[in-house]
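Those protein sequence lines, which keep their order, are chains A and B. Each step along the first sequence adds one to the number in my numbering, with nothing skipped, and position 106 is 190. Each step along the second sequence adds one to the number in my numbering, with nothing skipped, and position 278 is 362.
There are 2 protein chains.
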Amino acid sequence: MTDVLSRDPRTGRPLERVATESTAQDVDRAVRAAAAAGPALRDPVRRADLLRTAAALLEKSGEEIVSTADAESALGRVRLTGELARTCYQLRAFADVVEAGAYLDVIIDHADPSAAPAPRPDLRRYKVPLGVVAVFAASNFPLAFSVPGGDTASALAAGCPVVVKAHPDHPATSVLCARLLRAAAAEVGLPEDVVGLVHGFDAGPELVRHPLTAAVGFTGSVRGGRALFDIASSRPRPIPFHGELGSLNPVVVTERAAETRAEEIGAGLAASYTLGMGQFCVKPGLVLVPEGAAGDAVVRSVVAATVPSGPLLDPRMREAFLAGVRSRAELPGVTEPLGAGESGDDTTPLAVRPGVLSVAASRLADGGPYEELLEECFGPVTVLVRYASSAERDTVLNALPGNLTATAHLGVDERDDVAADLVAGLSAIAGRVVVDGWPTGVTVAPAMQHGGPYPAATSASTSVGSTAIERWLRPVCYQNVPDPLLPPELREANPLGLPRTVDGVPAS
Amino acid sequence: MTDVLSRDPRTGRPLERVATESTAQDVDRAVRAAAAAGPALRDPVRRADLLRTAAALLEKSGEEIVSTADAESALGRVRLTGELARTCYQLRAFADVVEAGAYLDVIIDHADPSAAPAPRPDLRRYKVPLGVVAVFAASNFPLAFSVPGGDTASALAAGCPVVVKAHPDHPATSVLCARLLRAAAAEVGLPEDVVGLVHGFDAGPELVRHPLTAAVGFTGSVRGGRALFDIASSRPRPIPFHGELGSLNPVVVTERAAETRAEEIGAGLAASYTLGMGQFCVKPGLVLVPEGAAGDAVVRSVVAATVPSGPLLDPRMREAFLAGVRSRAELPGVTEPLGAGESGDDTTPLAVRPGVLSVAASRLADGGPYEELLEECFGPVTVLVRYASSAERDTVLNALPGNLTATAHLGVDERDDVAADLVAGLSAIAGRVVVDGWPTGVTVAPAMQHGGPYPAATSASTSVGSTAIERWLRPVCYQNVPDPLLPPELREANPLGLPRTVDGVPAS
């Protein structure tokens, strides 16, 4: 049995032994227990109760959660207090989604013997839960994208039990949160096993391979995510894999924007690429800045506004960050307006310093080693790409892999067709388009889309916002089923008061 | 260059040389041309025009289409005339879907600086087309699931250009229909290349591998579909593969139903399993009939009502059908209440005779060679499984792979909790649940779900009905984008009059 240790990322030193790595038998037991608990989740009232009670219990243990998460993530109490609030808001928002019932997408077509081109039977459709959802916790959000995060909340809301694979960067937080979620289940009269937790690298593939696992939610790296995606797709019975793998989140600063808003843009970029020590999936990692004096002012501003050092989530990530910056900086033609690197001191020996790289857009056309600049470098670094013309700029944009976000900074008077074309072009390569703002800060709201073309996401779905629930459901149609034998959601009298589309017309 | 021949399935003889098999260069050219034509499909008015004009042109050439399709499919003029009407109805129904605009799922959340847990920016979400869709035509529906079928109609409705891989069983019909779809495009001022056509076995993998192919629609066998699914999933950039691969479509006849409705059920089953010579994806292939006198009456009825011989779609399918029946019939304990087999005569030398197999439910628990009985046998044969108890019946149901449909035949007085449990159990293994009817006949309607757990479908989507359009779209969110730079679908004044959800409330 291999111990699972909680570690201090500031020093790399172990804090405590939290658990042991899950064996194949442990994973099997967790998935079977979750599957057995699944039918209890059929009752929507109970599900909404579960989500609200979970939020309340997490808040009640807020102090302990924030301390535990800070000790093993070094993300800081302010950020983690905010993340906990966001997590609880999200759980309650999904309780509201369950109660509103629109996610069931109820469609009723009454029988019509005279319908063209053929008589129509009575047809009633709604959505049912897929089954056990495997959730892979993210390193960079110990709460909002981990055990009590959006994947878990949306899956429970859909009626799916969950088994979470804890992230090794915050096992103590994971154990604490799982205990609270299971307590919430017990408190509302549900089996505790609607939420399970497993640990250890090998538990991941086991979880995805398990015959009773019905779908996967993943947030992490391209390498790890793709390996699990491949397992999910090559099973005898393939299952949906909703993964968020990696994103450069390009930003375009137009000539006009640079001329009129250089100071503000540089400061905003500095704040955004260093937020959470650059450990956000929506960190702006590539910024297209015009060549010339106006662009130079943007560069000076971002360098001046960049704040000092801090630790990353774990020593392995720190190594990958330092190596990634080094290999990029060594490419001919790449300069370092602000050098990133090691900056440890006695209290935080593993700290790093944020940095800014710069390269001419024309270099990227060379491909080969320059393709590394089109890959995400996780941590506080951003690459400024200086372009000489909008054609050069668009060539870079079109060479990018898929993104979670794409941002345009425009001049205040840029509201013309050229700007509209730029916005349309950005929507072709990303799931979210931001104008005159920054991609960091993903609002939990119905209209949010947190996903995008591969590798930003492995499916067309979102992992944030109300529609994230759609990932864990499949439609079922009932044909000529007598009313007493229908699920209550589809009965003629609409006993649950659900919104529905009846004979083509919205009704409730 | 290998010739593509149209053949008469009644005799196996070639009718005419229709085309040559597409080379890798041909496929590349077709996909690039479709991709280049894609932007023209952005205009929803033009798309609705295209779909309606296509329906009109198909109807105008109805006589030629039906004759051509009958010559190479032997499905008969009555069936094909009906299929053409269904195909045209479907094209027009998707034009209506485009105009109604609900499929765009427009969600607007206005900015709210005082929102909890964090200030909310202005967020606006709708759906955009994925890009070029590869459509694999089905053998058994030369029209409704082929060149002008539901995949093509829903993809064009979504704004995606289409490249169809013709099915070798009806190349002449495919060429004719593609010509008419391209003519419809030209007539409404769109590039003809919004629809392309390729031929030949090798064109399939080429089409799925092509970097500009963005999604796949497939109807066919488990073997062929899974091979293409694996290619789609293992691409450097994986793409969604919406495949309908195979289904047993179980039917449960309860004791009470057998006691009271044996004659009617047997006659209905005979009509359903032999419809289109058993070449429907929703053919009832496994029927659970109670042991004893009442069940025996059902068996006698289905045998008595089974109609005589006919040809299958092609000689290869005929061989597979005969071999599949033979190997099943040879299993110890399997009987043949009605022997299927060869029944050719001078005019139709390749005709076959429908048949009924029977086996005790207890045998299926043996697994091993009996697992073949849980696989689809394409063609006019159905397997009656005689059960001694509802426990035995449920054991068989739970051992089945995923299905497009599951059907219950109940007694007229069976409207109790036991019957409700049976219906609920069927909904766990299928995409559509039918009571006291037959799965054949898939209504084109908003509430239809033509899909189901794997291998019935490779995704949670449907290939029939309005929601089939969802397969070809992905959401994009616009954050703080100034109104003049938004796509018209998302502008504040709602110039297109779309239904939308604004700040959580349905509005238009």
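All C-beta atoms, glycine included, are put in the ideal place defined by N, C-alpha and C. Note that this is a predicted model, so its numbers are computed, not measured.
Item to check | Positions along the segment 568 to 585 of chain A whose CB lies within less than 9 Å of some CB in chain B | outcome: P568, L569, L570, P571, P583 and T585
Checklist entry - From the DSSP output, which residues share a beta bridge with V88 (chain A)? => result A:A103
Checklist entry - Exposed or buried, which one is M85 (chain B) when buried takes at least 16 other CB atoms within 10 Å? => result exposed
Checklist entry - Taking C-alpha atoms, which residue in B:K211, B:S473, B:R101 and B:A445 lies nearest to T551 (chain A)? => result B:K211
Item to check | Where F313 (chain B) falls: helix, strand or coil (DSSP) | outcome: helix
Checklist entry - In chain B, which residues lie less than 7 Å from V507 (chain A) when you measure between Cβ atoms? => result V565 and L569
Next on the checklist: Strictly below 7 Å CB to CB, what residues from chain A border D235 (chain B)?
Outcome noted: Going along chain A, no residue has its Cβ under 7 Å from D235 (chain B), so there is no contact; the nearest lies around 17 Å.
Next on the checklist: Please report the straight-line C-alpha distance between P583 (chain A) and P433 (chain B), rounded to a whole angstrom.
Outcome noted: 56 Å
Item to check | 9 Å Cβ cut-off: residues of chain B touching P324 (chain A) | outcome: When 9 Å is used as the limit between beta carbons, P324 (chain A) is near these residues of chain B: S543 and A544, in chain order.
Checklist entry - Would a check of beta-carbon distances place T527 (chain B) closer than 8 Å to chain A? => result yes
Checklist entry - Taking Cβ to Cβ, would you say G308 (chain A) is nearer than 8 Å to N224 (chain A)? => result no
Checklist entry - Going by DSSP, which residues form a beta bridge with I192 (chain A)? => result Answer by DSSP bridge pairing, in chain order: A:R208 and A:V586.
Checklist entry - What residue from B:R575, B:A153, B:W522 and B:E339 has the CA that sits closest to G495 (chain B)'s CA? => result When B:R575, B:A153, B:W522 and B:E339 are compared, the shortest CA-CA separation from G495 (chain B) is found for B:E339.
Item to check | the segment 271 to 278 of chain B / the segment 103 to 112 of chain B touching (three or more Cβ pairs under 8 Å) | outcome: No, they do not touch.
Checklist entry - R130 (chain A) by DSSP, collapsed to three states: which one? => result Helix at R130 (chain A).
Checklist entry - Going along chain A, which residues have a C-beta under 7 Å from Q533 (chain B)? => result In chain order: R209, P559, V560 and C561.
Item to check | Partners in chain A for R516 (chain B), counting only beta-carbon separations shorter than 8 Å | outcome: V560, C561, Y562 and Q563
Checklist entry - Going along chain A in order, which residues have a C-beta closer than 7 Å to the C-beta of G588 (chain B)? => result P530
Next on the checklist: Within 10 Å of its beta-carbon, does E148 (chain A) have 16 or more other beta-carbons around it, so buried, or fewer, so exposed?
Outcome noted: exposed
Next on the checklist: Please tell me whether N482 (chain A) and L332 (chain A) are closer than 8 Å, where the distance is taken between their beta carbons.
Outcome noted: no
Checklist entry - G379 (chain B) to P213 (chain B), Cα distance in whole Å? => result 51 Å
Checklist entry - Excluding sequence positions up to five away, which residues of its chain have a Cβ less than 7 Å from the Cβ of A139 (chain A)? => result C172, L175 and R176
Checklist entry - Can you name the residues of chain A whose CB is closer than 8 Å to the CB of R170 (chain B)? => result P201 and A202
Checklist entry - So, is G515 (chain A) buried or exposed, given that buried needs 16 or more other C-beta atoms within 10 angstroms? => result buried
Checklist entry - Can you list, in chain order, the residues of its chain whose CB lies under 7 Å from that of R594 (chain B), leaving out five sequence neighbours each side? => result For residue 594 (chain B) there is no data in the structure shown, the boundaries of chain B being 85 and 592.
Item to check | Y357 (chain B) (DSSP reduced to helix, strand or coil) | outcome: DSSP places Y357 (chain B) within a helical segment (H, G or I) once states are collapsed to three.
Item to check | Proximal residues of chain B, C-beta to C-beta of R499 (chain A) below 9 Å | outcome: P566, D567, P568 and L569
Next on the checklist: Quick check on E328 (chain A): does DSSP put it in helix, strand or coil?
Outcome noted: Three-state result, E328 (chain A): strand.
Checklist entry - Under a Cβ-count criterion, where at least 16 other Cβ atoms within 10 Å of its own Cβ denotes burial, should S473 (chain A) be classed as buried or exposed? => result exposed
Checklist entry - Which chain B residues are close to A503 (chain A), counting only those with a beta carbon under 7 Å from its beta carbon? => result L569
Checklist entry - Are A503 (chain B) and Y471 (chain B) touching if we call contact CB-CB under 8 Å? => result no
Checklist entry - Which runs of the alpha helix (DSSP H), 4 residues or longer, sit entirely within the segment 385 to 453 of chain A? => result 399 to 413 and 445 to 448, all fully within the segment 385 to 453 of chain A.
Item to check | N482 (chain A), enclosing beta strand (DSSP E) - first and last residue | outcome: Here N482 (chain A) belongs to no beta strand (DSSP E); instead the alpha helix (DSSP H) covers S474 to A483.
Item to check | Buried/exposed call for E498 (chain B), threshold 16 Cβ in 10 Å | outcome: buried
Checklist entry - For V366 (chain B), which beta-bridge partners are listed by DSSP? => result Paired residue(s): none; V366 (chain B) is not in a bridge.
Checklist entry - Roughly how many angstroms lie between the CA atoms of G417 (chain A) and L448 (chain A), to the nearest whole one? => result Each residue's Cα considered, the two are about 10 Å apart.
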